[in-house]
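S.K.: Chains X and H supply the protein sequences, listed in that same order. Residues in the first sequence are numbered from 8 upward in steps of one, following my numbering. Residues in the second sequence are numbered from 59 upward in steps of one, following my numbering.
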Amino acid sequence: MTSKDTPVLAVRELQISFSMYRKGLRKESLRVIRSLSLDVRKGEIVAVVGSSGAGKSLLAHAVLGILPSNAVTEGEILYKGETLTPALQRKYRGTEIALIPQSVDYLDPLMRVGKQAACAGGGPEAQRAARAAFARYGLEPRVERLFPFQLSGGMARRVLIVTAVVARPALIIADEPTPGLGAEAATETLRHFRQLADGGAAVLLITHDIDLALHVADRIAVFYAGTTAEIAPAEDFKRGRDALRHPYSKAFLDALPQNAFKPIAGAQPYAGRPPQACLFADRCPERTNACAGAVAMRALRGGEVRCIHAT
Amino acid sequence: MHTARPKYIASIAGRMLLLLFLVSILSFTLIVKAPIDPLLSYVGAESTLSEEAKAEIARHWGLDAPLPARYATWVKNLLHGDLGMSVTYKRPVRSVIGERFSYSVVLMLLAWVFSGLLGYAAGIFAGFRRGGLADRGIKLFCLVLQSAPTFWLGLLILSFFSVKLGLFPFGMAVPAGKLVSEITLGDRIHHLILPLFTLTIVSIGKITLFTRQKLIEIMNSDYILFARARGESDRQLVFRHILRNTALPAVTLQFSSFSELFGGMALAETVFSYPGVGTATTAAALNGDAPLLLGIALISALFVFSGNLIANILYGVVDPRLREGGDYV
Chain X
8 MTSKDTPVLA
18 VRELQISFSM
28 YRKGLRKESL
38 RVIRSLSLDV
48 RKGEIVAVVG
58 SSGAGKSLLA
68 HAVLGILPSN
78 AVTEGEILYK
88 GETLTPALQR
98 KYRGTEIALI
108 PQSVDYLDPL
118 MRVGKQAACA
128 GGGPEAQRAA
138 RAAFARYGLE
148 PRVERLFPFQ
158 LSGGMARRVL
168 IVTAVVARPA
178 LIIADEPTPG
188 LGAEAATETL
198 RHFRQLADGG
208 AAVLLITHDI
218 DLALHVADRI
228 AVFYAGTTAE
238 IAPAEDFKRG
248 RDALRHPYSK
258 AFLDALPQNA
268 FKPIAGAQPY
278 AGRPPQACLF
288 ADRCPERTNA
298 CAGAVAMRAL
308 RGGEVRCIHA
318 T
Chain H
59 MHTARPKYIA
69 SIAGRMLLLL
79 FLVSILSFTL
89 IVKAPIDPLL
99 SYVGAESTLS
109 EEAKAEIARH
119 WGLDAPLPAR
129 YATWVKNLLH
139 GDLGMSVTYK
149 RPVRSVIGER
159 FSYSVVLMLL
169 AWVFSGLLGY
179 AAGIFAGFRR
189 GGLADRGIKL
199 FCLVLQSAPT
209 FWLGLLILSF
219 FSVKLGLFPF
229 GMAVPAGKLV
239 SEITLGDRIH
249 HLILPLFTLT
259 IVSIGKITLF
269 TRQKLIEIMN
279 SDYILFARAR
289 GESDRQLVFR
299 HILRNTALPA
309 VTLQFSSFSE
319 LFGGMALAET
329 VFSYPGVGTA
339 TTAAALNGDA
349 PLLLGIALIS
359 ALFVFSGNLI
369 ANILYGVVDP
379 RLREGGDYV
């Protein structure tokens, strides 16, 4: 059933909510991600950009099935056309689907990095695969014997990538892989992702740094308050605000230092807010009464947008 | 790190000597200033000795000398291995402590090992079932034990197992009225069980609660999340990451709790009239036995210091961040 066009990862109307106790024993469900849809194809890098609190990391955790136990997901996540059940997630984690975490804090401080990278299969086979992967990324064998705290910044980034690619996964999810990195180091990291994609993997790059995403991504999904506001080819972002569809993406672009550096008034709505309506309406210059109605994702000019006014 | 080792050892030895020096000065001063008359404790309250004879003995012992001079004499004898005579047991302090310590060490070490192993296991178990019935039960049990006074718990255990059920003897280390040559290892173990049980139980709460907390912390850590993302099974998580990361702080905690173990032992021994250092301390205090009290103070300081020292060294050996901290790349 896997045809050439089947996306490696397809997320359909994903919703994630957390049940939690507030004010004593009143149980409440807090919806953090609502109606998220996204595709990633073979050989493609899709960047998910959005400000903090937009629910970006949760998307990664939902795909891998490592959300906390009080999380409830709805909607559908398909891997190569197959619905990802918890059992499948367990099977694919680390072999078919890999995560590249933010920092070296995601490694066990008491275990040598070589051993951690080799975990996927366990035995000598995995050990050999890990060794080869270390070499591919220009890491000497002695690095395998180091503990996470002994890695330099550059080594740490490569080790984190190695842990993900040892098993040659078909889908790689990188969660904020470039925080606090200088331009050069960040570019190097992203170049690795481009190589992985060109090598046939599907890469989902989660970041708040649209500038960097622009350099490597094929398509960019702009995330706002737990929804995808717009999904557009990276080209459109490079061409400027007029090529974009959603007012939020335009504002996002305007806020970049090299552009107008113009902040946008207001704040992202709190996760608990319920409306089916457009979540950006409060801050939108083009708001009309119709924005209070249901707003769905629709295709527009080779991209997708969740805005009734977009043209 | 290797070049620093002799320096490290020297600094530890220096700290130990300083500690012993300070402990000895403090306890010596306290005992001299306390309303204890070594002469009176020696000859007894109903002695018929004349005042002259008493003054003669006091002069002979150096009791009329000023405090620093008396301390100097005591230290000089101490350095020659002479801790003085115990008034209570009419034997040299060294041999009293030696004999008593062998009983106490067995009791303490066993309680230490059992409470460590059981407490760690219970903590891991409770942590994995956080919020469940077993977890809440274990937590309550530990909190109750933590808050209960040792001697009261000891009395409770004694009255239940020994008096009510008659399963165990209610005191001493060996059966009374039996020839030394007839005492078997079984007898000794039989007498050890209740004090051991009490001491284990009172030391178990801390390590259990600590391990449970640590486990929960680690389960929520980023590296466990990432290990799961790499496809590790629950079993692998436990054996590759959780055990190592929880055992390290637990072992350290257990070694540094030597001082509490010592305190608990003194109380448990008193309740069960177990002839160890604990009962000797009580007896020495009641009889105004100055030399024995001083000797015990020194020995216990040494004991607690060793516990903390072992904890420090172990951390350096087991934790790579400290062991290889110098080998930065």
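Positions of the beta carbon are idealized from the N, C-alpha and C atoms, including for glycine. Note that the structure is a prediction, hence the values are computed from the model and not measured.
Where does glutamate 51(X) fall in DSSP's three states?
M.R.: Working through the first sequence from its first residue, we reach residue 51(X) at position 44. The answer is coil: DSSP assigns glutamate 51(X) none of H, G, I, E or B.
S.K.: Bridge partners of isoleucine 329(X), per DSSP?
M.R.: With chain X covering only 8 through 318, there is no way to say anything about residue 329(X).
S.K.: Compare the C-alpha of leucine 219(X) against each of Pro186(X), Thr234(X) and Gly72(X) and name the closest.
M.R.: Numbered from its first residue, the first sequence carries residue 219(X) at position 212. Looking at the Cα atoms, Pro186(X) is the closest of the given residues.
S.K.: Pick helix, strand or coil for serine 59(X), following the three-state DSSP scheme.
M.R.: The sequence position of residue 59(X) within the first sequence is 52, counting from 1. Reduced to three states, the DSSP call for serine 59(X) is coil.
S.K.: Sort Arg290(X), Ala208(X), Asp115(X) and Arg198(X) by Cα distance to histidine 279(H) and report the nearest one.
M.R.: Sequence index remark: in the second sequence, residue 279(H) carries index 221 (1-based). A small fix is needed here, since residue 279(H) is serine in this sequence, not histidine. Looking at the Cα atoms, Asp115(X) is the closest of the given residues.
S.K.: Relative to chain H, which residues along the stretch 205 to 220 of chain X have a C-beta separation below 8 angstroms, given in chain order?
M.R.: Per Cβ criterion, the list is empty.
S.K.: For chain X, check one thing: does any of its Cβ atoms lie closer than 8 angstroms to the Cβ of tyrosine 373(H)?
M.R.: Residue mapping note: residue 373(H) aligns to position 315 of the second sequence, counting from 1. Not closer than 8 angstroms to any Cβ of chain X, the Cβ of tyrosine 373(H) fails to qualify, so no.
S.K.: Quick one, which residues of the stretch 64 to 94 of chain H are near chain X if we go by CB-CB under 8 angstroms, in chain order?
M.R.: For the stretch 64 to 94 of chain H, which is checked against every Cβ of chain X, not one residue is closer than 8 angstroms.
S.K.: Which class does valine 202(H) belong to by DSSP, given the choice of helix, strand or coil?
M.R.: The residue you call residue 202(H) lines up with position 144 of the second sequence. DSSP places valine 202(H) in helix when its eight states are reduced to three.
S.K.: Would valine 169(X) and phenylalanine 141(X) qualify as a contact pair, given that the criterion is a beta-carbon distance under 8 angstroms?
M.R.: For this step, residue 169(X) is matched to residue 162 along the first sequence. For this step, residue 141(X) is matched to residue 134 along the first sequence. Yes. Within cutoff.
S.K.: Run through chain H and tell me which residues come within less than 9 angstroms of glutamine 134(X), C-beta to C-beta.
M.R.: In the first sequence, the residue the question calls residue 134(X) occupies position 127. Ordered by position in chain H, no residue passes the 9 angstroms Cβ test against glutamine 134(X), which lies about 14 angstroms from the chain.
S.K.: My guess is that valine 302(X) and cysteine 314(X) are in contact by the Cβ rule of under 8 angstroms, so how many angstroms apart are they, rounded?
M.R.: Within the first sequence, residue 302(X) is the residue found at index 295, counting from 1. Within the first sequence, residue 314(X) is the residue found at index 307, counting from 1. Right, the Cβ-Cβ distance comes to about 7 angstroms (below 8 angstroms), so this counts as a contact.
S.K.: Name, please, each residue of chain X whose Cβ falls closer than 8 angstroms to the Cβ of glutamate 327(H).
M.R.: Taking the second sequence and counting its residues from 1, one reaches residue 327(H) at position 269. Near glutamate 327(H) there are no residues of chain X at all, since even the closest Cβ is about 39 angstroms away, more than 8 angstroms.
S.K.: Looking at the structure shown, is tyrosine 332(H) part of a helix, part of a strand, or coil, going by DSSP?
M.R.: Taking the first residue of the second sequence as 1, we reach residue 332(H) at position 274. It is coil, neither helix nor strand.
S.K.: Note down, in chain order, each residue of its chain lying with its Cβ closer than 7 angstroms to the Cβ of glycine 374(H), except the 5 sequence neighbours on either side.
M.R.: If you number the second sequence from 1, residue 374(H) lands on position 316. Same-chain partners within the cutoff: Leu380 and Arg381.
S.K.: Using a beta-carbon distance below 8 angstroms, is glycine 280(H) in contact with chain X?
M.R.: Sequence index remark: in the second sequence, residue 280(H) carries index 222 (1-based). This sequence places aspartate at residue 280(H); glycine is not what is there. Aspartate 280(H) counts as touching chain X.
S.K.: DSSP state of lysine 34(X), grouped into three classes?
M.R.: Position 27 of the first sequence, counted from the first residue, corresponds to residue 34(X). In the structure shown, lysine 34(X) sits in a strand (DSSP, three-state: E or B).
S.K.: Please determine, among Ala181(X), Asp261(X) and Arg305(X), the residue with the shortest C-alpha to C-alpha distance to lysine 63(X).
M.R.: As a working mapping, residue 63(X) is identified with position 56 in the first sequence. Nearest of Ala181(X), Asp261(X) and Arg305(X) to lysine 63(X), Cα basis: Ala181(X).
S.K.: Taking the alpha carbon of glutamate 147(X) as the reference point, which residue from Arg165(X), Gly130(X) and Phe156(X) has its own alpha carbon closest?
M.R.: Counting from 1 along the first sequence, the entry for residue 147(X) is found at position 140. Answer by Cα proximity: Arg165(X).
S.K.: Does DSSP classify glycine 310(X) as helix, strand or coil?
M.R.: Within the first sequence, the letter at position 303 stands for residue 310(X). DSSP places glycine 310(X) in strand when its eight states are reduced to three.
S.K.: Do you know how far the Cα of glutamine 123(X) is from the Cα of arginine 73(H)?
M.R.: By one-based count along the second sequence, residue 73(H) stands at place 15. By one-based count along the first sequence, residue 123(X) stands at place 116. Taking the straight line from one Cα to the other gives about 40 angstroms.
S.K.: Classify glutamine 275(X) as helix, strand or coil using the three-state DSSP reduction.
M.R.: Looking up residue 275(X) in the first sequence gives position 268. Correct three-state label for glutamine 275(X): coil.
S.K.: In whole angstroms, what is the alpha-carbon distance linking proline 378(H) and asparagine 370(H)?
M.R.: If you number the second sequence from 1, residue 378(H) lands on position 320. If you number the second sequence from 1, residue 370(H) lands on position 312. Taking the straight line joining both Cα atoms gives about 13 angstroms.
S.K.: Would you call the CB atoms of leucine 106(X) and alanine 133(X) closer than 8 angstroms?
M.R.: Numbered from its first residue, the first sequence carries residue 106(X) at position 99. Numbered from its first residue, the first sequence carries residue 133(X) at position 126. It is not a contact, given that the beta carbons lie outside the stated cut-off.
S.K.: Would you decide whether methionine 59(H) is buried or exposed? Buried here means 16 or more other CB atoms lie within 10 Å of its CB.
M.R.: Translated into the one-based positions of the second sequence, residue 59(H) becomes position 1. Legend: pLDDT at methionine 59(H) = 44, less than 50; position of this residue unreliable, no value from coordinates given.
S.K.: Roughly how many whole angstroms lie between the Cα atoms of arginine 305(X) and arginine 293(H)?
M.R.: Residue 305(X) sits at position 298 when you count from the first residue of the first sequence. Residue 293(H) sits at position 235 when you count from the first residue of the second sequence. Going from the Cα of arginine 305(X) to the Cα of arginine 293(H) covers about 45 angstroms.
S.K.: Give me the residue from Glu89(X), Gln96(X) and Tyr86(X) with the minimum Cα distance to isoleucine 73(X).
M.R.: Here residue 73(X) is taken as the residue at index 66 of the first sequence, counted from 1. Looking at the Cα atoms, Gln96(X) is the closest of the given residues.
S.K.: To which residues does DSSP link arginine 149(H) through a beta bridge?
M.R.: Taking the first residue of the second sequence as position 1, residue 149(H) is located at position 91. Paired residues: Ser144(H).
S.K.: Consider the Cβ of phenylalanine 297(H): report whether some Cβ of chain X lies at a distance smaller than 8 angstroms.
M.R.: The sequence position of residue 297(H) within the second sequence is 239, counting from 1. With 8 angstroms as the cut-off, phenylalanine 297(H) does not count as an interface residue toward chain X.
S.K.: Is leucine 286(X) near tyrosine 231(X), with beta carbons less than 8 angstroms apart?
M.R.: Within the first sequence, residue 286(X) is the residue found at index 279, counting from 1. Within the first sequence, residue 231(X) is the residue found at index 224, counting from 1. In this structure, tyrosine 231(X) lies closer than 8 angstroms to leucine 286(X) by Cβ.
S.K.: Going residue by residue through the stretch 291 to 366 of chain H, where are the continuous alpha helix (DSSP H) segments of at least 4 residues, counting only ones entirely within it?
M.R.: Runs found: 301 to 314, 316 to 329 and 335 to 345.
S.K.: Given a cut-off of 8 angstroms, decide if valine 47(X) and leucine 211(X) are closer than it, judged by their beta-carbon atoms.
M.R.: Along the first sequence, read from residue 1 onward, the residue named residue 211(X) stands at position 204. Along the first sequence, read from residue 1 onward, the residue named residue 47(X) stands at position 40. Yes, Cβ-Cβ distance for leucine 211(X) and valine 47(X) is below 8 angstroms.
S.K.: Any idea what DSSP makes of methionine 230(H), helix, strand or coil?
M.R.: The residue given as residue 230(H) occupies position 172 in the second sequence. Coil.
S.K.: Between the stretch 188 to 200 of chain H and the stretch 338 to 355 of chain H, do three or more beta carbon pairs fall short of 8 angstroms?
M.R.: With a cut-off of 8 angstroms, the stretch 338 to 355 of chain H and the stretch 188 to 200 of chain H do not count as touching, because too few Cβ pairs lie within range.
S.K.: Would you grab the beta carbon distance between tyrosine 178(H) and isoleucine 265(H) for me? Rounded to a whole angstrom, and I think it's under 8 angstroms.
M.R.: Position 120 of the second sequence, counted from the start, is the residue given in the question as residue 178(H). Position 207 of the second sequence, counted from the start, is the residue given in the question as residue 265(H). The pair is a contact, with the Cβ atoms about 6 angstroms apart (cut-off 8 angstroms).
S.K.: Under three-state DSSP, which class holds phenylalanine 320(X)?
M.R.: Outside the displayed range of chain X (8 to 318) lies residue 320(X), so it cannot be described from this structure.
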